[in-house]
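Trainee:
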Amino acid sequence: MSAEIGAKEYSAFVADDYLSGFIADGGAAVKFAVWPDRDALKELREDLKVRCAALGFSFVNVDSARTRIGMIQQVFFSIAAQIDWRALARKIDSSIASELCYLPDDGPLTVAAIAERNEVDQNIVRRDMRARLTKRVIKNYTLAKDFRVAMAHLCLAEMEEDALGKQSGASILDWLHGELRLISALKEMQIYQRIGRHNARVMLTSTARWLRLAGDAGLLIFLDLSGMAPSRRGAVAEGELYYTRAALFDAYEVLRQFIDATDEMEGVMIVVAAPAAMLDEFSNRSMFQYRALSNRIRDDVHDRLHANPYAPLVRLAPSHRGEA
């Protein structure tokens, strides 16, 4: 059996060796942490959350018991629900106002408020802000087309105080959360398709880039796979998801795709927290049963004395043996 590492020790390693350097500089990585008990899981999750806040990263937790990991769009919707999109839009608006030498720091960031504070006609402020927004967002081709259009309209909605802007903003948020009833609500914004399996991955990549554009250091996604472990439907709590073997392998394929897509992502760290039972090679639910994933995370060298935190998969020590 390979050596173990304490949850807090591993969290510190992730923060120091990945988040503060490689990820903050625009890199991306996927790491698997196998936990022996729920205390170790909680310790890792909470410590990473604290360290992300200290380093300026956004932290999101995706629970496999509530989110179908095998459906990438559901993973995106779970992440999107934990992001304050309006606050990000206001940060972009504030940055644009500062670039234009307006004084937006005190008070609201609406066109009317900025015009009044700077003693400039509203139409001039609106023209300048929209022109810079077009350059900064609409013409930012590192973002997916529908995503950048949506973000531009969200920024515009935060600039204005009219009911139309508020309705547009609400429709965009519903679209991001997967809750929009009719896509026709966005046709005037030239958004014609929902977020689904075909485009969720590029939306996630764009989200991380948008966070960085708004001033965040990046995004850490904590994927908790504990909901995928039960082998019987009767062992699943009411209201939680049960993964058939087919659904389980769909989830493993999504994880495999995340690993292979790190070159396409920017400022993203994905920590996959899996229960020890999912490494049991004799179980038909083991991650090692899905060869495409197994080949990417299996240990090349088994060291019983020293844990290698740089390995794609690490084993956490039980909480009472972890780093104090």
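Numbering of the sequence shown is given in our numbering, commencing with residue 12 and proceeding in unit increments.
Backbone N, C-alpha and C fix where the C-beta goes; we use that ideal spot for every residue, glycine too.
Select from Met-82, Arg-302 and Leu-59 the residue whose C-alpha is nearest the C-alpha of Arg-71.
Mentor: Note that residue 71 corresponds to Val in the displayed sequence, not to Arg. Checking every option, the nearest Cα to that of Val-71 belongs to Leu-59.
Trainee: Provide the residue(s) that pair with Gly-238 in DSSP beta bridges, ordered along the chain.
Mentor: Note: Gly-238 sits in no beta bridge, so no partner.
Trainee: How is Ile-281 classed by DSSP in three states: helix, strand or coil?
Mentor: Strand, per DSSP.
Trainee: Report the rounded CA-to-CA distance for Val-41 versus Met-280, giving the unit in angstroms.
Mentor: C-alpha separation (whole angstroms): 6 Å.
Trainee: By alpha-carbon positions, which one of Asn-151, Gly-250 and Ser-182 ends up nearest to Leu-224?
Mentor: When each option's Cα is compared against that of Leu-224, the closest is Asn-151.
Trainee: Just how far apart, CA to CA, sit Leu-187 and Leu-154?
Mentor: Their Cα atoms are separated by approximately 15 Å.
Trainee: Quick one, which of Arg-138, Arg-212, Gly-226 and Ser-105 has its alpha-carbon nearest Gly-81's?
Mentor: With distances taken between Cα atoms, Gly-81 lies closest to Arg-212.
Trainee: Excluding the 5 residues flanking Ile-308 on each side, which residues of the same chain have their C-beta closer than 6 Å to its C-beta?
Mentor: Cβ neighbours of Ile-308 beyond the five flanking positions: Phe-43, Pro-323 and Leu-324.
Trainee: Could you spell out where the beta strand (DSSP E) holding Leu-327 opens and where it closes?
Mentor: Residues 324 to 327.
Trainee: With Lys-42 as the anchor, note down where its beta strand (DSSP E) starts and where it stops.
Mentor: Per DSSP, Lys-42 belongs to the beta strand (DSSP E) from 39 to 46.
Trainee: Report the partner residues of Gly-229 according to the DSSP bridge assignment.
Mentor: Answer by DSSP bridge pairing, in chain order: Phe-68.
Trainee: Here's the rule: buried if 16 or more other CB atoms are within 10 angstroms of the residue's CB, otherwise exposed. What is Gly-278?
Mentor: Buried, by the Cβ-count rule.
Trainee: Measure the alpha-carbon distance for Lys-19 versus Asp-132 and round it to whole angstroms.
Mentor: Approximately 55 Å between the Cα atoms of the pair.
Trainee: Take every Cβ of the segment 99 to 111, pair it with every Cβ of the segment 139 to 147, and state whether three or more of those distances are shorter than 8 Å.
Mentor: Touching, per the Cβ criterion.
Trainee: Does DSSP put Leu-73 in a helix, in a strand, or in coil?
Mentor: As written in the sequence, residue 73 is Val, which differs from the Leu given in the question. If DSSP states are grouped into helix, strand and coil, Val-73 belongs with the strands.
Trainee: Roughly how many angstroms separate the alpha carbons of Asn-129 and Ala-23, rounded to a whole number?
Mentor: Taking the straight line joining both Cα atoms gives about 46 Å.
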